[in-house]
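Those letters in the sequence shown? Residues 461 to 618, per the working numbering, in order.
All C-beta atoms in this analysis are idealised placements derived from N, C-alpha and C, irrespective of residue type, glycine included.
Since the structure is predicted, the reported quantities are computational estimates derived from the model, not experimental observations.
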Amino acid sequence: MAKFRYRMQNVLNIKLSMERQAKQQYAEANAKLREEEQKLNVLFRRKFEYEQTARQLLADDLNVREITQNNEAILRMEDFITQQQKEVQIAVRAVEKARQKMTEVMQDRKTHERLREKAFDEFLMEEKQHESKEIDELVSYTYGQRLRETGHGESTST
């Protein structure tokens with residue numbers, strides 16, 4: 461049996477490589493998103509702690525300076541949170557973009573794999589036809605040999 465060679469195997473290999481790369485980029489974008497969300501959670505916790513401190517400062521002896529500093533810290537945390545929420549949104553968009561690219565690359569790779577499978581099926585069909593032809597030739601040759609051996613295939617002229 462002949463060996464199957466897909467003429468576009470190098471293209472398929474490139475598609476597989478591109479898919480691996482797209483998956484890696486998607487994983488990196490997801491990791492970045494988780495990192496940004498974690499930073500946002502830390503900022504929310506810090507703001508919550510400042511708010512707890514503000515309640516305590518208002519409940520204890522009033523120290524205007526500490527209350528003012530705490531309020532400024534809360535306002536800064538709100539600014540940081542707003543900025544971090546923007547970073548999270550950027551990361552979400554990056555993840556979505558990476559997911560879309562990965563999906564496109566995977567579809568492209570699957571298309572090429574289907575083409576390879578179709579070419580392989582055609583190859584098998586051609587091999588089967590070739591094998592069938594060889595068997596027919598062998599059977600005809602064997603039949604012809606038997607006829608000659610038994611003398612039925614020779615014509616006698618007198």
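Leaving out five residues before and five after residue i in sequence, what residues of the same chain have Cβ atoms less than 6 Å from its Cβ?
i	result
M619	Past the edges of the chain, shown from 461 to 618, lies residue 619, and the structure says nothing about it.
E556	none
Given this structure, state the Cα-to-Cα distance separating residue i from residue j, to the nearest angstrom.
i	j	result
L518	I527	8 Å
K499	Q544	7 Å
K570	R505	46 Å
Q549	D568	29 Å
R576	F583	10 Å
F580	I595	22 Å
L476	K578	18 Å
G611	Y601	15 Å
D520	N501	29 Å
E587	K593	10 Å
Q512	K546	26 Å
Q589	R480	38 Å
A551	Q469	36 Å
A462	E591	11 Å
T618	L598	In this prediction, T618 scores a pLDDT of 46, lower than 50, which makes its location untrustworthy; no coordinate-derived value is stated.
Kindly list the residues whose CB is nearer than 8 Å to the CB of residue i, restricted to its own chain and excluding five residues on each side of it in sequence; keep chain order.
i	result
K483	M562
L503	M537, F540, I541 and Q544
R553	none
A514	I527, N530, N531 and I534
Can you tell which of the options has its C-alpha closest to the C-alpha of residue i?
i	options	result
T542	E496, K578, D581 and N531	E496
Y510	L598, N530, L503 and F540	N530
R559	R467, Q469 and L493	L493
Y466	E573, E547 and V555	E573
E532	E556, V555, K507 and E547	K507
Give me, in chain order, the residues of the same chain whose beta-carbon lies closer than 7 Å to that of residue i; leave out the 5 immediate sequence neighbours on both sides.
i	result
N523	L517
A491	none
V471	H572
Indicate, with yes or no, if the ligand ATP has a heavy atom lying under 7 Å from the CB of residue i.
i	result
E479	Of ligands this structure carries none, so the ligand ATP is not represented either.
Check whether the region 485–494 and the region 531–541 touch, using three or more Cβ-Cβ pairs below 8 Å as the test. no
Runs of 3 residues minimum, wholly inside the region 487–560: which ones carry the beta strand (DSSP E) assignment? Secondary structure within the region 487–560: not one fully enclosed beta strand (DSSP E) run of 3 or more consecutive residues is present.
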